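Those protein sequences? They're chains Y and B, same order as listed. Here the first sequence stands for residues 781 to 1053, where the numbers follow our numbering. Here the second sequence stands for residues -11 to 405, where the numbers follow our numbering. Below is one structure, written out as structure tokens; comments come after it.
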Amino acid sequence: MALTISTEVSHSARQSDHSKTLSSKVAARKVNVYYGDKQALKDIDIEIPECQVTALIGPSGCGKSTFLRCLNRMNDVIDGCRIEGEILLDGEDIYARGVDVVHLRARIGMVFQKPNPFPKSIYDNVAYGPKIHGIAKTRAEMDEIVFHSLEKAGLINEVRDRMDAPGTSLSGGQQQRLCIARAIAVEPEVILMDEPCSALDPIATARIEELLDELKQNYTIVMVTHSMQQAARVSQKTAFFHMGELVEQGDTTDIFTKPQDERTLAYVTGRIG
Amino acid sequence: MSDRKTNSELIEAGLARRYRAERRFKMYGIAATTVAMSFLVIMLVAIFVRGVGAFHQTQISQVVFIDPELAKENDWQGMVKASLRETFPDVQERKDKKLLYGLVSNGAGYDVQNRVREDASLVGQNIQLWLPASDDVDMVMKGSVDRSQPESERRVSDLELAWLDKLAADGAIELQFNTRFFTAGDSREPELAGILGAVKGSFLTLMVCLLLSFPLGVMAAIYLEEFAPKNKWTDIIEVNINNLAAVPSIVFGLLGLAMFLGFFGLPRSASLVGGMVLALMTLPTIIIASRLALRAVPPSIREAALAVGASRLQTVLDHVLPLALPGMLTGAIIGMARALGETAPLLMIGMVAFIVDVPAGIMDPATALPVQIYLWADSPERAFTERTAAAIIVLLVFLVVMNVAAVILRKKFEQRW
């Protein structure tokens, strides 16, 4: 029963998505991921629309973080990780031969679960990306990028007077915003966030959520979250993963109010997960 | 209910026992530390007590007439002998004269020669000079000769003692700071032997060793840890590196003998070869320590750098290496400290030879501190005993300086994350 429904749903989802393929920034086609012999993701098909927040939800170990890391090829560094299928960024397969990972990651930024600023100054943290890509020609340009990024990340007022202080001296929430500033300093098109608030207190979390709302004007955001309230609050699209499968995807309101699949219903009502 | 103890009572009853166990454990710890420390103190005191004598040397004051005739023949020692005859005019017998000449070192003539070389106008004049006494006299002055023993069992005869007493009464014999010990190379005569040759040899050897093993070791570690795929081959390499770290050092000496001397034909006894052999020995230690240091860098730092689009090399050079460097330096210093104290491999490549000259470069024949200690410890003269201990003091000072440098470097490079 559940199986038929899920097939129907993913089928109908695919059909309805065809009409808006143009607006989807990132898309996955039949993605299978294996860690050694173990299959972590099964036949994932997903459309991620531009300039919206897409939340990936699901119980622990369901593969949502794995999928997120496929989007900027962070899994490349993991030994024994094998990926099949296509992941399209603006219609081009990022796993195709000749795609440069460095260039790709400049287009798809990432923010991690635990704030991980470099053990360098706040300024250097933000300036690192533009520096290695040679984006800023002069010191003034670099200053501009750094200030602008910190401003967009909503951190500038807190760090304006101490740009030389180590990034690690900031509080957890500030560190996470610093990491966001670092990610947007290279002007990516997509920002991936892997449970960006799980290590933060509620106030810092609220601050980041506000920020996401502003950032989605310019960036396509894909976020993994464990908190369904958070997904409901900040995302426009939600995809529910379970046991390595993409069970259901659609508008966030639909997923939370009238889920098509039993498992989704069970998860959003708190019965599994 | 009433006969059963509550949990709180049970905890109460056990508390005393728990605290006793804790106190006992603390005592064991203190005892172990005390034993270890006392051995260290005993060793240091023993070495110091024995070695401190070598920092002073008995000197005899003589008025030496720079005889132009003898100067022409380069017989500087002859001038010293003449001045001794003058000081003790009643010594007539040939046998006694020989004893008399033995009061000052065989090398005293060189001091006269050096003085005249500095100032040629001294020829034909009388000059007052402090000359090194022979090692036996030195031992008498330092109280190592028991005068109450019968003459036949002493190395110094009654006649010599009488001469020394006369010199002492005239104030013409005294212990002075032994600068020669720090400025001269090795010698067969203890009173002329110095440590500089060995210190410089050790320094050059360690420099060669460091310059070879640190960059190679760090690069190997970075490659193996950050770039190499994890497969059967890298496993084999890892096992072999670990095995190499445990290979007895003399084996590396044999390898050096066969390869560097036998095959490449590099000069025997050179610090270059010594450094290369020690580098082979140190390399596994540095690789292992560096890999551990790299592994200790949190993966989140690598991910952060990769996620903003840094290449793997940029990730390593900009972020991982700076964080791992203190650990790598520690490993390198441990390796260097081991190399500094290493004797066996150097014996194999001829650094055990008796070398008087202080080496000027890495191609010159040289010896190293531990080898010098080994050589002196093997010498029969009493005076070499204290020089052996003094050389050990120098070696220990070297070690302490290196470790302090390591701590300073580590503090300097340390970053918090």
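Yeah, the Cβ is synthetic: ideal placement off N, Cα and C, and Gly gets one too. Only a predicted model underlies this, so the values are computations on that prediction, with no experimental measurement involved.
Handout entry: Outcome for Y/Y999 when other beta-carbon atoms lying within 10 angstroms are tallied against a minimum of 16
Key = Buried: at least 16 other Cβ atoms inside 10 Å.
Practice task
Grab me the residues of Y/P895's own chain with a C-beta within less than 7 Å of its C-beta, minus the 5 sequence neighbours each way, in chain order.
Solution key: Only G952, Q955, Q956, C959, A979 meet the Cβ criterion.
Practice task
Determine the extent of the beta strand (DSSP E) in which Y/G1030 is found, giving its start and end residues.
Solution key: Taken as a continuous stretch (DSSP letters only), the beta strand (DSSP E) holding Y/G1030 covers 1025 to 1031.
Practice task
Answer with yes or no whether the minimum CB distance from Y/N852 to chain B is below 8 Å.
Solution key: Proximity of Y/N852 to chain B, defined by a Cβ-Cβ separation below 8 Å, is satisfied.
Handout entry: Three-state secondary structure (DSSP) of B/V111
Key = The three-state reading of DSSP puts B/V111 in coil, since its state is none of H, G, I, E or B.
Practice task
Spell out whether any CB of chain B is found under 8 Å from the CB atom of Y/D737.
Solution key: Since the first residue shown for chain Y is 781 and the last is 1053, residue 737 of chain Y is missing from the structure and cannot be characterised.
Handout entry: Unbroken alpha helix (DSSP H) run spanning Y/H1022, endpoints
Key = If you look at Y/H1022, you'll find it isn't in any alpha helix (DSSP H); it sits in the beta strand (DSSP E) that goes 1017 to 1022.
Practice task
Closer than 8 Å by beta-carbon distance: list the chain Y residues that pair up with B/L311, in chain order.
Solution key: Per Cβ cutoff of 8 Å: P899.
Handout entry: Pick from B/A96, B/W221, B/I210, B/F215 that is closest to B/L180, judged by C-alpha positions
Key = Comparing Cα positions, the closest option is B/A96.
Exercise for the section: Mind listing the chain B neighbours of Y/V966? Cutoff is C-beta to C-beta under 9 Å, in chain order. Expected result: Within chain B, the residues V296, G297 have their CB atoms less than 9 Å from the CB of Y/V966, given in chain order.
Practice task
Please state whether DSSP places B/T(-6) in a helix, a strand or coil.
Solution key: Shown here, B/T(-6) sits in coil according to DSSP, grouped into three states, outside any helix or strand.
Practice task
Within the same chain, show all residues whose beta-carbon is closer than 8 Å to that of B/R283, passing over the 5 residues directly before and after it, in chain order.
Solution key: Excluding residues within five positions, the ones whose Cβ falls inside 8 Å are E213.
Problem - 8 Å Cβ cutoff met for B/I35 and B/A377 - result: Yes.
Problem - Best match in Y/L1045, Y/T985, Y/P899, Y/H1006 for proximity to Y/S840 [C-alpha to C-alpha] - result: Per the Cα distances, Y/H1006.
Handout entry: Residue-level contact to chain A via CB, B/I289, 8 Å cutoff
Key = Although the question refers to chain A, the structure presented lacks it and instead comprises the protein chains Y and B.
Problem - Simplified DSSP state of B/N53, which is helix, strand or coil - result: Position check: residue 53 of chain B holds Phe in this sequence, whereas Asn was assumed. B/F53 falls in the strand class under three-state DSSP.
Exercise for the section: With DSSP collapsed to three states, give me the class of B/P255. Expected result: If DSSP states are grouped into helix, strand and coil, B/P255 belongs with coil.
Practice task
Mind listing the chain Y neighbours of B/A430? Cutoff is C-beta to C-beta under 8 Å, in chain order.
Solution key: A question about residue 430 of chain B goes unanswered here, because the residues of chain B that appear run from -11 up to 405.
Problem - Buried or exposed (CB count within 10 angstroms, at least 16 for buried), B/V388 - result: Per the 10 Å Cβ criterion, exposed.
Exercise for the section: Measuring only between beta-carbons, confirm whether B/W405 sits less than 8 Å from chain Y. Expected result: For B/W405, the predicted structure reports a pLDDT of 48, less than 50, and the residue's modelled location is therefore unreliable. A value from the coordinates is still provided. Taking Cβ atoms only, chain Y reaches closer than 8 Å to B/W405, which makes this a yes.
Exercise for the section: Could you tell me whether any Cβ in chain Y is nearer than 8 Å to the Cβ of B/K218? Expected result: Yes, B/K218 counts as interfacial toward chain Y.
Problem - For B/E10 and B/N(-5), the rounded distance between their alpha carbons - result: Annotation: B/N(-5) to B/E10 spans about 22 Å, alpha carbon to alpha carbon.
Handout entry: Residue span of the beta strand (DSSP E) that contains Y/E827, given as start and end
Key = Residues 818 to 829.
Practice task
Take the Cβ of Y/H1022 as the centre, count every other Cβ of all protein chains shown within 10 Å, and call the residue buried at 16 or more, exposed below.
Solution key: Counting C-beta atoms within 10 angstroms of its own C-beta, Y/H1022 has 16 or more neighbours from the protein chains shown and is therefore classed as buried.
Exercise for the section: Answer yes or no: does any C-beta atom of chain Y fall closer than 8 Å to that of B/Q302? Expected result: Cβ-Cβ to chain Y under 8 Å: yes for B/Q302.
Exercise for the section: Label B/V144 either buried or exposed according to how many other C-beta atoms from any shown protein chain fall within 10 Å of its C-beta, with 16 as the threshold for buried. Expected result: By the 10 Å Cβ count, B/V144 comes out buried.
Exercise for the section: Could you check the C-alpha separation between Y/R877 and Y/I888 for me, to the nearest Å? Expected result: Spanning the two alpha carbons is a distance of roughly 18 Å.
Handout entry: CB contact below 8 Å: B/H44 versus chain Y
Key = No, because no Cβ of chain Y sits closer than 8 Å to the Cβ of B/H44.
Handout entry: Three-pair Cβ contact test at 8 Å for the region 311 to 318 of chain B versus the region 253 to 268 of chain B
Key = No, the region 311 to 318 of chain B is not in contact with the region 253 to 268 of chain B.
Practice task
Taking only runs that begin and end inside the region 930 to 983 of chain Y, name each unbroken alpha helix (DSSP H) of 4 or more residues, in chain order.
Solution key: If we require 4 residues or more, the alpha helix (DSSP H) runs fully inside the region 930 to 983 of chain Y come out as 936 to 939, 952 to 964.
Problem - C-alpha distance - Y/D1031 paired with Y/T985, whole-angstrom precision - result: Their Cα atoms are separated by approximately 23 Å.
Problem - Y/R809 in three-state terms, based on DSSP - result: DSSP, read as helix, strand or coil, puts Y/R809 in strand.
Exercise for the section: Go ahead and label B/M127 buried or exposed: buried means 16 or more other beta carbons lie within 10 angstroms of its beta carbon, across all protein chains shown. Expected result: When all chains shown are included, B/M127 counts as buried.
Problem - Under 8 Å between C-beta atoms of B/F169 and B/F372 - result: No, the Cβ-Cβ distance between B/F169 and B/F372 is not below 8 Å.
Practice task
Measure from the alpha carbon of B/E374 to the alpha carbon of each residue in B/I(-1), B/P178, B/F165, B/V52, then state which is nearest.
Solution key: Considering only alpha carbons, the answer is B/P178.
Practice task
From the DSSP output, in three-state form, read off B/T222 for me.
Solution key: In the structure shown, B/T222 sits in a helix (DSSP, three-state: H, G or I).
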